[in-house]
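Asks: Sequence lines, in order, name chains A and B.
To convert, note that position 482 of the first sequence is 483 in our numbering; the numbers rise steadily by one, no gaps.
To convert, note that position 15 of the second sequence is 16 in our numbering; the numbers rise steadily by one, no gaps.
Just dropping this structure here.
There are 2 protein chains.
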Amino acid sequence: MYILFLIRRTMDIPKLFLFAFLVLGISCGPLLPIEPTKGGVVPLPQNVRQTEEFFTVNPSLLQFKITGFTCSILDEALIRYWKLISNSHSSHILRRFSHRLETLWTERSLYLGRLDVLNVHLDEKCKDDDIPKLFMNESYRIEISATNKTLRATTVWGMLRALESFSQLIYEDEQTATLRLNSTHIDDYPRFPHRGLLLDTSRHFIPVKYILKTLDAMSYNKLNVFHWHIVDDQSFPFKSESYPALSDKGAYHPVEAVYQPDDVEQIIEYARKRGIRVMVEFDTPGHTLSWGRGISGILTKCVGISDEYGPMDPSVPKVFQFLSNFFEEISKVFPERYIHLGGDEVPFDCWQSNPNITKFMQTLNITGDYAALESYFIKKLIDIVTIKGLNPIVWEEVFDNGVKLSNSTIVHVWKDGYTNTMNKATKAGKPVLLSSCWYLDHLGGLKDWQNFYKCDPYDFPGTSAQKKLVLGGEACMWSEAVNKNNLISRVWPRASATAEKLWSSITDIDEPVVDSTQMDYMAKRLEEHTCRMNKRNIEAEPASGPSFCY
Amino acid sequence: MYILFLIRRTMDIPKLFLFAFLVLGISCGPLLPIEPTKGGVVPLPQNVRQTEEFFTVNPSLLQFKITGFTCSILDEALIRYWKLISNSHSSHILRRFSHRLETLWTERSLYLGRLDVLNVHLDEKCKDDDIPKLFMNESYRIEISATNKTLRATTVWGMLRALESFSQLIYEDEQTATLRLNSTHIDDYPRFPHRGLLLDTSRHFIPVKYILKTLDAMSYNKLNVFHWHIVDDQSFPFKSESYPALSDKGAYHPVEAVYQPDDVEQIIEYARKRGIRVMVEFDTPGHTLSWGRGISGILTKCVGISDEYGPMDPSVPKVFQFLSNFFEEISKVFPERYIHLGGDEVPFDCWQSNPNITKFMQTLNITGDYAALESYFIKKLIDIVTIKGLNPIVWEEVFDNGVKLSNSTIVHVWKDGYTNTMNKATKAGKPVLLSSCWYLDHLGGLKDWQNFYKCDPYDFPGTSAQKKLVLGGEACMWSEAVNKNNLISRVWPRASATAEKLWSSITDIDEPVVDSTQMDYMAKRLEEHTCRMNKRNIEAEPASGPSFCY
Chain A
2 MYILFLIRRT MDIPKLFLFA FLVLGISCGP LLPIEPTKGG VVPLPQNVRQ TEEFFTVNPS
62 LLQFKITGFT CSILDEALIR YWKLISNSHS SHILRRFSHR LETLWTERSL YLGRLDVLNV
122 HLDEKCKDDD IPKLFMNESY RIEISATNKT LRATTVWGML RALESFSQLI YEDEQTATLR
182 LNSTHIDDYP RFPHRGLLLD TSRHFIPVKY ILKTLDAMSY NKLNVFHWHI VDDQSFPFKS
242 ESYPALSDKG AYHPVEAVYQ PDDVEQIIEY ARKRGIRVMV EFDTPGHTLS WGRGISGILT
302 KCVGISDEYG PMDPSVPKVF QFLSNFFEEI SKVFPERYIH LGGDEVPFDC WQSNPNITKF
362 MQTLNITGDY AALESYFIKK LIDIVTIKGL NPIVWEEVFD NGVKLSNSTI VHVWKDGYTN
422 TMNKATKAGK PVLLSSCWYL DHLGGLKDWQ NFYKCDPYDF PGTSAQKKLV LGGEACMWSE
482 AVNKNNLISR VWPRASATAE KLWSSITDID EPVVDSTQMD YMAKRLEEHT CRMNKRNIEA
542 EPASGPSFCY
Chain B
2 MYILFLIRRT MDIPKLFLFA FLVLGISCGP LLPIEPTKGG VVPLPQNVRQ TEEFFTVNPS
62 LLQFKITGFT CSILDEALIR YWKLISNSHS SHILRRFSHR LETLWTERSL YLGRLDVLNV
122 HLDEKCKDDD IPKLFMNESY RIEISATNKT LRATTVWGML RALESFSQLI YEDEQTATLR
182 LNSTHIDDYP RFPHRGLLLD TSRHFIPVKY ILKTLDAMSY NKLNVFHWHI VDDQSFPFKS
242 ESYPALSDKG AYHPVEAVYQ PDDVEQIIEY ARKRGIRVMV EFDTPGHTLS WGRGISGILT
302 KCVGISDEYG PMDPSVPKVF QFLSNFFEEI SKVFPERYIH LGGDEVPFDC WQSNPNITKF
362 MQTLNITGDY AALESYFIKK LIDIVTIKGL NPIVWEEVFD NGVKLSNSTI VHVWKDGYTN
422 TMNKATKAGK PVLLSSCWYL DHLGGLKDWQ NFYKCDPYDF PGTSAQKKLV LGGEACMWSE
482 AVNKNNLISR VWPRASATAE KLWSSITDID EPVVDSTQMD YMAKRLEEHT CRMNKRNIEA
542 EPASGPSFCY
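In C-alpha cells, the structure reads:
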C-alpha cells in the first residue's frame, strides 16, 4: 500500500497501471461495467447539495407551474421536457408504476412523497423572439425539498439549463419500479460563455435530421454554440439566394446534398429554442475549391504545379466585391452576430506559381512574403464583415501570421502546442477559444473521453487578466471519416467530456489538473448520461467499455 | 519520377508520403472523394470479363426463370434479390425510368436491350432443409450477353453467391436515369472455405435485429461463417433450457438482455437461408466469470488475491459433468458441427492461489505447470464435445501450450507474430484460421481497411502442403467499445476488406503482396460497395474519406 502511494505521487495513471502490471505482477481482471450514478448531472453543476431523501415522479401527474414570466421559448421547453421525462424512461418501469406501491413508501422515513407540482420561476421578461448571444446569463437555481419545489432563473436561457438539470435528476429505481428524484439544491452557472460543437458538413453532407438530433444532444450537454463549418474544398452545400451557382455546381448534388433556405431557417430556429447560437463558418481564402466550381475567376489559377486551383485570388478586385455581396446575404440569413472566417491552412505554393500574384505583391511591397498576402486578404475581409455588423472569429494562423486584429476579433486555437498560442494571443489582448485537444476525429481507443477531460482551457502560463480572455472552446467533428451513419455515435458521449470542462469549474484556475477522484466520478456520471442520451434517441456509443442500457 | 520510383521500391506507403511531404516538399491537396466503380463486385470474382455493351434493367419487368433444380432456399433468395434490385436504388432514378428513354438508346451501338428474363440454372438438387457446411461448393458462373443470360451453379450455396454478384453488377446511370448492367462473364469460386465474422455479444448485448442486419451484410460480402462469441466474463446472454440460471443470473438483464431459444433459432435459420454457418463459441476455462453467477462451484475460488473467482476449476469432477450436459444441449441447438471452445487468455494466478488446485496438480504429477493444467482441462473438454459429434476449434494458446490435438481440431490464430504461429501449427498438421490482423476493434484512422487488405493468410514461410491447411480466417468484432449504436458502422465497410482477402485469389501464394493497382481498384470498388450497402440499409461508415451517397 505504501509503495503504491509513493508511486501514485510521481506517475500518471496509465504509467502506474503499466508499472503495477509489469513489476508488481498485479493481476488485471476483465474490464467490467462501471456502476452508473442515479440522477447524476452532466455537466456537473457548480454547486450541488443532495440528501438521501427522495420524491417519486409520476409523469402523467407532473405539472410545471409558471410563477414568474414566460414566453413561447419557455412554454415550448416545458412541453419538451415533460415529454422527455415521460417518454425516455424504460417502459417496464412506467408500466409497473402504481399507486399501491407508492403507499408503501410513505412508511419509509426517506420518502418525501410524490412530486406533482414544480414551480417554474423566471425573474425577467422573455420575448418569443429572443436570441441566444455570447455572454447571455445561463445561471439558474434548483430547489427540490419538502418545503420548496422550484426552478428559478433570471433569463429564459438559464431556465432551459435548469430544466435540463431537473430532467437529469430523475432516475429509475428498478427494484420498486419507480421514477425518483432526491432532495436537491443546485446553484449553477457556466464556467465559460462559449461552449461549442463544430460540425463539418462539407466532407460529408449531413442531412438536416441529423443536425437537429445533434442540437438535441447539445442541449442535453448544455453546449450553446453550433459552429457550422458549412462548406469547404470538398463541397458547398449552402444554397445562396444571391449566388445559387455556388451549390448548383459546388455541392455533391444540386438538390439532394443542399441546405435550402428553409432548412437553414429550421436549424437556426430549432437551435434558438434550445438556447444554442448557430455560428456559421465560411472559411477563406484557403479551403475554397468548391466555391470555384460555381463562381469563375475567384480562385488563384496555379501555374506548373499539380493543383489546378489554389486559394482565393487577392489580386482580383472582383473577389472582394463578391465576398461583400455574399456576406451581406449571410449577415441576413444568420441572426448570430459572430461569424467564423476561417483563415487556416492557406497553402502558398499556388500563389507562388502565379505571375499575376507576384506582380500584385510587388505593388503591395510585400514581394515573397505570402503570410503578408494572406494578411492582406483577411484584413480586407474583416473590414467587409465588420461594416455589416458581424464580429469575426479566425483560426489561429491569422494571429500567428501577424495580421493586425482588433481586440474584438476572437482567435480560435486548434493546433498542437496550444499552451503557447493561448498565452501569446491572450497576452496580445485577444479573446480566445480552444479546440486543439478536442478533435473528435482523433480516436484514442477505449475511454478516450479521458483525454478530452484532462485538457483544460486554463492550462497555459498567463496572468488572471489573460485567463479572463478565454471565452471557452469547442469540440470539433471534422467529417472526413464521418457520415450520417456514424456521426452521432462518434460525437457522443465523447463531446460530453468537453461540455463538462467548459461548464463546470472543477479545476483550480492556476493548476487545472483533473484528479482521479474527479475522473472516476465523471466516469460514473458519464455511464448514466450515455444511457440517458440513448433513451432520448441519441445513439451514443459506449462511454468507457462494457455496459448495459435498455 | 525516377527518385519516386526508387523510393517506392524500398518504402511502404505511409513512409513514402512522409518522405515526399518532408523532404521533397510535395504539396498535398485536399482529400477529395474517390470515384466509385459502376457495377464493381466486392469481393472481386476470380475471373471477370466485361465489355462496354450494356443492358438496361427495369425491376418491375425483371423475371428470374428457374431452368434447373430449386428448393425453398433458392425460391426465397430470388424474392429477396428481386426486392433488393427493386428497392435499393435511388428513388429518383426509378421514378424517372420510362420506356420513351429506352427507345432512344436502342439507336446507340452499345445498347443490347432490356434484360427481362434471367435464367437461374441449378445443376444439383437442393433440399428445403439443406445446411451450409465447411467445404460446401460455392462456385458459380454468370453469363450476361446478347445470346445468353444465365446464372449457373452446382449447389444452392453457389447460386446464392451468383445472385449476390448479379445484384452488384447492376448500377445507376444518373444521366439517363436508368439501371444498367454491362455484358459480363464471371467464373467464380472462393479462395478459402471459412470466411468469418466474429461478433462478441457479451461485452455489450446486441439485440437480434442488429445480428440479422449483420447477417444481411455478411451475405453482401460473401462471408459464410457467423462466429458467435456469445458469452464471456461480462455477461451470459444465452438462455440455456437445461441451465436457465446461467442467463437468469449471468446476463446483464434476465429478460431484456437474453437470447431466448426462439431468437437463437431465428438467427440460425436467417443465416442458413443466406448460406452462412452459425458457429457458436463457449469460451472456457477462462473468460467465464458470468457462468459462475448462475452455477455455483464451477469457478476456482481465488485465495488471497484481489479477484474473487478465476477460471473454471479442473479439480472438481462436477465441472466436467456440467460441461457435458451443457454441450449436449448446445449440440442440439446449433446444427453446425464445428464448435469454438475458446481456451484463450487463461490467467494462472488464481489457480496458483488455491490449495485444492495445488493438491490436485500433485495427483496429476504436474506440480507448478499451469499450462499443463489448462491442457488437462481442454483435453477433457475436447473429448466431451467430440463424443457428441462436434469438431473443436480452439484459440492458438491451446496449441502454444502443447495440448495434444488431433489433426481435425482447428487452431484459430489471433495474436501478433502470426506468421510464426501459422507456420508452426500447419507444420504440426493442424488446420488454421487467421484473425490476428483483422481485429475490427483496432482503429487505424482514415482508410484503415488498407491495413486489413495488406494482410494475407498465406503470408508465412511454409510448404504448399502447409498452406493447404489454411482454411481461411475471420474479422473479429470484440464489443468492449461497441453497442448497437455503432456496431454496423464499425464493422462495415472495414470487414469487406477481409471478405475480399478471403474470397479473391489476387495474390501469389508465395509472395502475397497487394500492389498499389490492386489497392486503388479495391478503393474504387469499396466506394461503390459502401454506398450499395447504405442503400440496402446497412449503415456503413465512409470507406476512405469524403464521399457522397444517396
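Beta carbons are placed, not taken as given, at the ideal position from N, Cα and C, and that holds for glycine.
The structure presented is a predicted model; accordingly, all values stated were derived computationally and were not measured.
Could you spell out where the alpha helix (DSSP H) holding residue 536/B opens and where it closes?
Replies: Residue 536/B sits at position 535 when you count from the first residue of the second sequence. Residue 536/B -> alpha helix (DSSP H) spans 517-536.
Asks: Nearest chain A C-beta to residue 293/B closer than 8 Å, yes or no?
Replies: Locating residue 293/B in the second sequence gives position 292, where the first residue counts as 1. It does not; no Cβ of chain A falls within 8 Å.
Asks: Closer than 8 Å is the cut-off here; do at least three beta carbon pairs connect the region 469-486 of chain B with the region 460-480 of chain A?
Replies: no
Asks: Taking C-beta pairs closer than 7 Å, name the residues in chain A that residue 533/B reaches, listed in chain order.
Replies: Mapped onto the second sequence, residue 533/B falls at position 532. Result: empty, since nearest Cβ-Cβ is about 14 Å, beyond 7 Å.
Asks: Quick one: what does DSSP say residue 415/A is sitting in, helix, strand or coil?
Replies: As a working note, residue 415/A is residue 414 in the first sequence. In the structure shown, residue 415/A sits in coil (DSSP, three-state: anything other than H, G, I, E or B).
Asks: Here's a check: name, in chain order, each residue in its chain whose Cβ is nearer than 8 Å to the Cβ of residue 117/A, leaving out the five neighbours to either side.
Replies: Taking the first sequence and counting its residues from 1, the one referred to as residue 117/A is at position 116. Only 59, 62, 63 and 64 meet the Cβ criterion.
Asks: Taking the alpha-carbon of residue 34/B as reference, which of 205/A, 276/A and 296/A has the nearest alpha-carbon?
Replies: The count along the second sequence starts at 1 and reaches residue 34/B at position 33. Selected option, being the one with the closest Cα: 205/A.
Asks: Label residue 210/B either buried or exposed according to how many other C-beta atoms from any shown protein chain fall within 10 Å of its C-beta, with 16 as the threshold for buried.
Replies: Locating residue 210/B in the second sequence gives position 209, where the first residue counts as 1. Residue 210/B should be labelled exposed.
Asks: Any heavy atom of the ligand PLP closer than 7 Å to the Cβ of residue 320/B?
Replies: Among the components modelled here there is no ligand, and therefore nothing to report on the ligand PLP.
Asks: Cα-Cα, which of 128/B, 179/B, 134/B and 551/B is closest to residue 112/B?
Replies: The residue you call residue 112/B lines up with position 111 of the second sequence. The candidate whose alpha carbon is nearest that of residue 112/B is 179/B.
Asks: Locate the alpha helix (DSSP H) running through residue 360/A, then write down its first and last residues.
Replies: Residue mapping note: residue 360/A aligns to position 359 of the first sequence, counting from 1. Under the DSSP assignment, residue 360/A falls in the alpha helix (DSSP H) whose first and last residues are 356-365.
Asks: Along chain B, which residues have their Cβ under 9 Å away from the Cβ of residue 542/A?
Replies: Here the question's residue 542/A lines up with position 541 in the first sequence. Near residue 542/A (Cβ distances below 9 Å), the residues of chain B are 482, 483, 484, 486, 487 and 491.
Asks: Pull up the distance between the alpha-carbon of residue 192/A and that of residue 43/A, whole angstroms please.
Replies: Taking the first residue of the first sequence as 1, we reach residue 192/A at position 191. Taking the first residue of the first sequence as 1, we reach residue 43/A at position 42. When rounded, the distance between both Cα atoms is 14 Å.
Asks: So which of 365/B, 335/B and 366/B has the shortest CA-CA distance to residue 134/B?
Replies: By 1-based counting over the second sequence, the position of residue 134/B is 133. Comparing Cα positions, the closest option is 335/B.
Asks: Contact defined as beta carbons within less than 8 Å: I believe residue 241/B pairs with residue 328/B. What is the distance between those atoms, to the nearest angstrom?
Replies: Working through the second sequence from its first residue, we reach residue 241/B at position 240. Working through the second sequence from its first residue, we reach residue 328/B at position 327. So it is not a contact: roughly 11 Å between Cβ atoms.
Asks: Are the CB atoms of residue 523/A and residue 501/A nearer to each other than 8 Å?
Replies: Position 522 of the first sequence holds residue 523/A. Position 500 of the first sequence holds residue 501/A. Contact flag set, yes.
Asks: For residue 123/A, collect the residues of the same chain with a Cβ closer than 7 Å to its Cβ; drop the 5 residues on either side in sequence, then sort them by chain order.
Replies: In the first sequence, residue 123/A corresponds to position 122, counting from 1. Counting only Cβ-Cβ distances below 7 Å, and skipping sequence neighbours, we find 69, 70, 71, 75, 154, 157 and 160.
Asks: Given that a residue counts as buried once 16 or more other Cβ atoms are within 10 Å of its Cβ, and exposed if not, what is residue 539/A?
Replies: As a position in the first sequence, residue 539/A is number 538, starting the count at 1. With 16 or more other Cβ atoms within 10 Å, it is buried.
Asks: Based on DSSP bridge pairs, tell me the residues matched to residue 57/A.
Replies: By 1-based counting over the first sequence, the position of residue 57/A is 56. 115/A and 181/A.
Asks: Sort 91/A, 50/A and 55/A by Cα distance to residue 537/A and report the nearest one.
Replies: Position 536 of the first sequence, counting from 1, holds the residue named residue 537/A. The candidate whose alpha carbon is nearest that of residue 537/A is 91/A.
Asks: Taking 8 Å as the threshold (C-beta atoms), are residue 414/B and residue 441/B in contact?
Replies: Residue numbering aside, residue 441/B sits at position 440 when the second sequence is read from its first letter. Residue numbering aside, residue 414/B sits at position 413 when the second sequence is read from its first letter. In this structure, residue 414/B does not lie closer than 8 Å to residue 441/B by Cβ.
Asks: Does residue 173/B get closer than 8 Å to chain A when you measure Cβ to Cβ?
Replies: On the second sequence, residue 173/B is found 172 positions in, with the first residue counted as 1. Chain A, which has no Cβ nearer than 8 Å to the Cβ of residue 173/B, makes this no.
Asks: Could you check how far apart the C-beta atoms of residue 355/B and residue 289/B are, in whole angstroms? I think they sit under 8 Å.
Replies: In the second sequence, counting from the first residue as 1, residue 355/B sits at position 354. In the second sequence, counting from the first residue as 1, residue 289/B sits at position 288. With 8 Å as the limit, residue 355/B and residue 289/B do not qualify as a contact, their Cβ atoms being about 15 Å apart.
Asks: Determine the closest residue to residue 321/B out of 462/B, 89/B, 337/B and 386/B, with distance taken between C-alpha atoms.
Replies: By one-based count along the second sequence, residue 321/B stands at place 320. Of the listed residues, the one whose Cα sits closest to residue 321/B is 386/B.
Asks: Between the alpha carbons of residue 292/A and residue 215/A, how many angstroms are there, rounded?
Replies: Position 291 of the first sequence, counting from 1, holds the residue named residue 292/A. Position 214 of the first sequence, counting from 1, holds the residue named residue 215/A. For residue 292/A and residue 215/A, the distance between alpha carbons rounds to 26 Å.
Asks: Compute the distance between the beta-carbons of residue 449/B and residue 513/B, then report whether it is under 8 Å.
Replies: By one-based count along the second sequence, residue 449/B stands at place 448. By one-based count along the second sequence, residue 513/B stands at place 512. Taking 8 Å as the Cβ cut-off, residue 449/B and residue 513/B do not qualify as a contacting pair.
Asks: Leaving aside the five residues before and after residue 463/A along the sequence, list all residues of the same chain whose C-beta is less than 8 Å from its C-beta, in chain order.
Replies: The residue you call residue 463/A lines up with position 462 of the first sequence. Answer for residue 463/A: 423, 424, 427 and 428, listed in chain order.
Asks: Leaving out the 5 sequence neighbours to the left and right, which residues in its chain are closer than 7 Å to residue 390/A when beta-carbon positions are compared?
Replies: The residue labelled residue 390/A in the question sits at position 389 within the first sequence. Once the five neighbours on either side are set aside, the close Cβ partners of residue 390/A are 332 and 338.
Asks: Along the chain, where does the alpha helix (DSSP H) that runs through residue 433/A open and close?
Replies: The residue you call residue 433/A lines up with position 432 of the first sequence. Here residue 433/A belongs to no alpha helix (DSSP H); instead the beta strand (DSSP E) covers 433-435.
Asks: Output needed for residue 526/B: all residues of its chain with C-beta closer than 6 Å, excluding positions within five of it in sequence on either side, in chain order.
Replies: Taking the second sequence and counting its residues from 1, the one referred to as residue 526/B is at position 525. These residues qualify, in order along the chain: 38, 41 and 43.
Asks: Look up residue 197/B in the DSSP assignment and say whether it is helix, strand or coil.
Replies: Within the second sequence, numbered from 1, the residue matching residue 197/B stands at position 196. In this structure, residue 197/B counts as strand in the three-state DSSP scheme.
Asks: Using a C-beta cutoff of 8 Å, does residue 552/B count as contacting chain A?
Replies: Residue 552/B is absent from the structure shown; chain B starts at 2 and stops at 551.
Asks: Please state whether the Cβ-Cβ distance between residue 246/B and residue 543/A is less than 8 Å.
Replies: Taking the first residue of the second sequence as position 1, residue 246/B is located at position 245. Taking the first residue of the first sequence as position 1, residue 543/A is located at position 542. Result no, Cβ atoms of residue 246/B and residue 543/A do not sit closer than 8 Å.
Asks: Below 7 Å CB to CB, which residues in the same chain sit around residue 52/A once its five sequence neighbours on both sides are set aside?
Replies: Position 51 of the first sequence, counted from the first residue, corresponds to residue 52/A. Cβ within range, chain order: 183 and 184.
Asks: Check each residue of the region 249-264 of chain B: if its Cβ is closer than 8 Å to any Cβ of chain A, include it; give the result in chain order.
Replies: Within the region 249-264 of chain B, the qualifying residues are 253, 254, 257 and 258.
Asks: Output, in chain order, the set of chain A residues within a Cβ distance shorter than 8 Å of residue 205/B.
Replies: Here residue 205/B is taken as the residue at index 204 of the second sequence, counted from 1. Residues of chain A passing the Cβ test: 543, 547, 548 and 549.
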